[in-house]
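First comes the structure, then the notes that go with it.
Spelled out as C-alpha cells, the structure:
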C-alpha cells in the first residue's frame, strides 16, 4: 500500500475526494432489496463496471453508516484507488 493511502469515515472528505475525480456514488445493480441500496461503489465515468447504478450521496452515506464502513483511498492527485472496508478492521 502506498504511503499516501488513508482511511476515513468523514462524509465531506469522501465526497470531496470522489468529486475531484468526477466520481459519483453508486450501487451494484441487483444487490439491494427493494428500494434499498446494495453494494456501494464510487462510479468513475469511463472506468466503472457496467453494472453500476448512480445513487444520491444521502443514500450512499446512509448505507455507509448502516454497514459501518470506512473509506480507504490514495490521496494522490490522479489516483482513483479506493475501497470500502469494515471499520472493525
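Numbering (our numbering), first residue to last: 115 to 203. In this text, a Cβ means the ideal position worked out from N, Cα and C, and glycines have one as well.
If you drop the 5 nearest sequence neighbours on each side, which residues of the same chain put their C-beta closer than 8 angstroms to that of residue i?
i, result
"residue 165", "142, 143 and 144"
"residue 115", "Note that residue 115 scores a pLDDT of 46, beneath 50, so its modelled location is shaky; the value from the coordinates is reported in the next line. Excluding residues within five positions, none has a Cβ falling inside 8 angstroms."
Applying the 10 Å Cβ sphere with the 16-neighbour rule, what's the burial state of residue i?
i, result
"residue 177", "buried"
"residue 196", "buried"
"residue 134", "exposed"
"residue 161", "exposed"
Who are the Cβ neighbours of residue i in its own chain at under 7 angstroms, not counting the five residues just before and after it?
i, result
"residue 198", "154, 183 and 185"
"residue 171", "129 and 139"
Could you check where the beta strand (DSSP E) with residue i kicks off and where it finishes?
i, result
"residue 138", "138-142"
"residue 121", "119-122"
"residue 199", "196-200"
"residue 185", "183-188"
"residue 192", "Neither: residue 192 is in no beta strand (DSSP E) and is coded neither H nor E."
Is it true that the CB of residue j sits closer than 8 angstroms to the CB of residue i?
i, j, result
"residue 157", "residue 130", "no"
"residue 167", "residue 132", "no"
"residue 159", "residue 192", "no"
"residue 127", "residue 201", "no"
Could you please give the first and the last residue of the uninterrupted alpha helix (DSSP H) stretch that includes residue i?
i, result
"residue 128", "125-134"
Excluding sequence positions up to five away, which residues of its chain have a Cβ less than 6 angstroms from the Cβ of residue i?
i, result
"residue 175", "125"
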